[in-house]
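Novice: Attaching a single structure in C-alpha cells format; questions to follow.
Numbering (my numbering), first residue to last: 544 to 767.
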C-alpha cells in the first residue's frame, strides 16, 4: 500500500517538474521575442492575414476565432517575432487591452468595404490611445484597410476622414457620461480640438488586400 502511494507521489512530482519546465520555457521564449498583436472587428481578415504572414494560403475558409492564434516569424537579422491574432469578440478585445504593455507593435485590421466597421475600428483605436502603455511609449500602430480588391472599399483619405468623425463621437459620448469610476487616463475626451490622426506620428494607414496576400506594407511594418 505504502509503496503504491510512494510511486504515485513520485509520478506527480516528476509530472509537475516537467510541466513547470515547459511553462518557464514558454515564458522565456516570450520574454526574448517581440510580440506584435493583430486586432480588429469580426470578419476584418485578421486570421487570413496571419495565414499570409506564415506563408499559408489566405483563401482558406476561416471562421470567427474564439481564442487567440499565434505564429512565430523569423526576421532577416536571425531574430524572431511572435505575431498574435486577437479574436474580434468583446472578451478577447478586453484581454488584449490588459496585455497591451507586451506589444512591440500593433496591427489594426479593418474591412474597408464595410462602413459598419469604421465605428468598431474607431472604438478599438480610441481604447489603445488612452491606454497607459501607449501614452508612455507610443507603440507603433499600422491600420490596415483590408479588402481593397472590393469595388466599394474605402481609400485611405476617405477612411481617415470617417475614422476621425467616429473618434469625435466617442469623445463626446464619453465626456457626457458621468461614470462612477472615472478613467483618469482618458484625456482624449477633454481635448477641444478636432481629432487628427496625423498628430500621431506612430500611426500609419495602408491599403492592402489579404485575399491576394498583397501585404507588402504589413511585412515592411513587421520586419523593419
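Note that beta-carbon positions come from the ideal geometry of N, C-alpha and C, so glycine has one too.
Treat the numbers as computed from the prediction; the structure is a model and nothing was measured.
1. Under DSSP, the beta strand (DSSP E) around residue 613 begins and ends at which residues?
2. Would a C-beta distance cut-off of 7 Å place residue 855 and residue 587 closer than the cut-off?
3. Tell me the DSSP secondary structure of residue 569 in three-state form.
4. Kindly give me the distance between the Cβ atoms of residue 639 and residue 580, rounded to whole angstroms, as I take these residues to be in contact under 8 Å.
5. How many Å lie between residue 656 and residue 694 at the Cα?
6. Quick one: which unbroken alpha helix (DSSP H) runs of 4-plus residues sit fully inside the stretch 647-673? Chain order, please.
7. Write down the C-beta distance between residue 685 and residue 764 rounded to the nearest angstrom, noting that I regard them as a contact closer than 8 Å.
8. Less than 7 Å between the C-beta atoms of residue 710 and residue 743, yes or no?
9. Inspect the beta-carbon positions of residue 663 and residue 584 and report whether they are closer than 7 Å.
10. Can you tell me the Cα-Cα spacing of residue 688 and residue 659, whole angstroms?
11. What does DSSP give as the partner residue(s) for residue 580 in the beta ladder?
12. With DSSP collapsed to three states, give me the class of residue 761.
13. Do you know whose CA, among 680, 622 and 707, lies nearest residue 661's CA?
14. Could you check how far apart the C-beta atoms of residue 577 and residue 625 are, in whole angstroms? I think they sit under 8 Å.
15. How many angstroms separate the CA atom of residue 717 from the CA atom of residue 619?
16. Between which two residues does the alpha helix (DSSP H) carrying residue 643 extend?
Specialist: In short, the structure shows the following:
1. 612-617
2. Residue 855 lies beyond the range of the chain shown here (544 to 767); nothing can be said about it.
3. Because the pLDDT of residue 569 is 36, which lies under 50, any placement of that residue in the model is unreliable, and the question is left without a value.
4. 6 Å
5. 8 Å
6. 659-672
7. 5 Å
8. no
9. yes
10. 13 Å
11. 627 and 649
12. helix
13. 707
14. 7 Å
15. 44 Å
16. That residue, residue 643, is in no alpha helix (DSSP H); it is neither H nor E in DSSP.
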